[in-house]
Amino acid sequence: MRLEVRGLGFAYSSVPALRDVTFAVQSGEVLGIVGPNGSGKSTLLRCLAKVLKPHVGTVFLDGKDLAGLKGREVGRLLGYVPPPGSGQAFPCTVLETVLQGRRPHLTWGVGPRDLEVVTRALAYLGLTELAERQLNELSSGQRQKVLIARALAQEPEVFLLDEPTATLDLRYQLEVLALMRKLAKEQGCVVVMVLHDLGLASRFSDRLLLLHQGSIFAAGGAESVLTPENLRVVYGVEAVVTKTPWGLQITPVAPVSSSEKAQEKARVAVRSQ
Ligand code: ADP
Ligand code: MG
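The sequence shown: position 133 = 133 (full-length UniProt numbering), numbered continuously.
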């Protein structure tokens, strides 16, 4: 599987949110998307998941235009986990929600293999005891786990996860991110995940995309992307970046003052000419 994005652009009404985004991810790779609030991470993921239609550019799955694929086909290929808090309003139990993940695979009804996959997904996220509970009776972290379990039950080739660990406790942050790496490395899945925590992003991703105002500012290995200079321009902070055996540790020290930020922008503009 190869997910390729070429020249993608999107605007809400007339306000541009993404400009000329181009990248590709292969089977076995974990791509982390990072960037400050409002930089376009969720919009990009929604375009990849076919929730939004890009205004320009194309998303290809193994060379096929995503726009031309049918819902069921998309459901078998792409497992999308929306960001926490974007939840469903209708009443549904945990089991029913996770079972929805099997829909693209069903022909005549739910079979033993579907139940097995769902049971495994529930167990993996520690949700077995909660299977009969209503979704709206759960904490936001528990709900997030249910949506991740639903994507697992879908058995897609490509996982698109929007801040999957934002509401999870430390243990499940590690469990979920390690599982995604395992799915990439052992089953050849493509994993694209938006991560807020730069340390976790550097640790669990093979490559990072750093978004800035709707465009790719930097792409590549964590050490080349999360440099103090890039963090200064994109996040507006002075930060100390330390290498550890568990990825990079990013310590924000102080916000960059607006005059310094303007100078830095001017320097970057001159450099990129
Ligand atoms: P991120 O996920 O990086 O925080 P988003 O992709 O959610 O960023 O947002 C990118 C830009 O698009 C922001 O300026 C945001 O305000 C705007 N935006 C996001 N969703 C909508 C929407 N539904 N309607 C209008 N503007 C939106
Ligand atoms: Mg977002």
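For each residue, glycine too, the CB sits at the ideal point set by N, CA and C.
What are the boundary residues of the alpha helix (DSSP H) that includes S215?
Start at 1 with the first residue of the sequence shown, and residue 215 comes out as number 215. Segment 215-220 is the beta strand (DSSP E) holding S215; no alpha helix (DSSP H) there.
For a minimum of 4 consecutive residues, which ranges assigned as the alpha helix (DSSP H) are wholly contained in the stretch 22-110? The stretch 22-110 contains these whole alpha helix (DSSP H) runs: 41-48, 71-77, 94-100.
Please state if the CB of L248 and the CB of E223 are separated by a distance shorter than 8 Å.
In the sequence shown, the residue the question calls residue 223 occupies position 223. In the sequence shown, the residue the question calls residue 248 occupies position 248. Between E223 and L248, the C-beta spacing is below 8 Å.
Minimum length 3: unbroken beta strand (DSSP E) runs contained in the stretch 118-183: The stretch 118-183 contains these whole beta strand (DSSP E) runs: 158-162.
ask   = DSSP state of P245, grouped into three classes?
value = Here the question's residue 245 lines up with position 245 in the sequence shown. Reduced to three states, the DSSP call for P245 is coil.
Practice prompt. Identify, in the order they occur along the chain, each residue of the same chain with its Cβ nearer than 6 Å to the Cβ of L147, setting aside the five sequence neighbours on each side.
Written response: Looking up residue 147 in the sequence shown gives position 147. Around L147: V81.
Output the distance between the C-alpha atoms of G32 and L195, rounded to the nearest integer angstrom.
Mapped onto the sequence shown, residue 32 falls at position 32. Mapped onto the sequence shown, residue 195 falls at position 195. Cα to Cα, the separation comes out at about 7 Å.
*asked:* For D62, tell me which candidate among V237, V233, E157, V240 has the shortest Cα-Cα distance.
replied: As a position in the sequence shown, residue 62 is number 62, starting the count at 1. Checked all of V237, V233, E157, V240; the closest Cα to D62 is E157.
The alpha helix (DSSP H) spanning L200 covers which residue range?
Residue numbering aside, residue 200 sits at position 200 when the sequence shown is read from its first letter. Counting along the chain, the alpha helix (DSSP H) containing L200 begins and ends at 198-204.
Let me make sure I understand the geometry here. Which of T97, A166, L168, T167 has the alpha-carbon closest to that of L135? Locating residue 135 in the sequence shown gives position 135, where the first residue counts as 1. In this structure, T97 is the residue among T97, A166, L168, T167 with its C-alpha nearest to the C-alpha of L135.
_Three-way DSSP call (helix, strand, coil) for L195 in this model_ = Start at 1 with the first residue of the sequence shown, and residue 195 comes out as number 195. Residue state, collapsed to three classes: coil.
Relative to the ligand MG, is the shortest distance from any of its heavy atoms to the C-beta of K41 smaller than 7 Å?
Along the sequence shown, one-based indexing puts residue 41 at 41. Indeed, a heavy atom of the ligand MG lies less than 7 Å from the Cβ.
Candidates M180, E29, A11: which alpha carbon is nearest L52's? The count along the sequence shown starts at 1 and reaches residue 52 at position 52. Residue A11 is the option with its Cα nearest to L52.
Check your understanding: If we call anything under 8 Å between Cβ atoms a contact, is I250 one with V21?
Key -> Translated into the one-based positions of the sequence shown, residue 250 becomes position 250. Translated into the one-based positions of the sequence shown, residue 21 becomes position 21. With contacts defined by Cβ atoms closer than 8 Å, I250 and V21 do not form a contacting pair.
- Message: Suppose the cutoff is 6 Å on Cβ atoms and the five residues either side in sequence are ignored; what does the same chain contact list for L152 look like?
- Response: Position 152 of the sequence shown, counted from the start, is the residue given in the question as residue 152. Excluding residues within five positions, the ones whose Cβ falls inside 6 Å are A121.
Are G188 and S27 closer than 8 Å when you measure CB to CB? For the purposes of this step, residue 188 is identified with residue 188 of the sequence shown, where counting begins at 1. For the purposes of this step, residue 27 is identified with residue 27 of the sequence shown, where counting begins at 1. Contact: yes.
Determine contact between the stretch 109-124 and the stretch 42-51, defined as no fewer than three beta-carbon pairs at a distance below 8 Å. These segments do not touch.
Exercise. Hey, is V15 close to the ligand ADP, as in C-beta under 7 Å from one of its heavy atoms?
Worked result: As a working mapping, residue 15 is identified with position 15 in the sequence shown. At least one heavy atom of the ligand ADP is nearer than 7 Å to the Cβ of V15, so yes.
(Q) Which residue marks the beginning of the beta strand (DSSP E) containing V256, and which one marks its end? (A) Translated into positions along the sequence shown, residue 256 becomes position 256. Here V256 belongs to no beta strand (DSSP E), and DSSP marks it neither H nor E.
Q. Is it the case that the CB of P36 approaches a heavy atom of the ligand MG more closely than 7 Å?
A. As a position in the sequence shown, residue 36 is number 36, starting the count at 1. No, since every heavy atom of the ligand MG falls outside the 7 Å radius drawn around the Cβ of P36.
Which of the three DSSP states is assigned to L211 in this structure?
Taking the first residue of the sequence shown as 1, we reach residue 211 at position 211. Strand, per DSSP.
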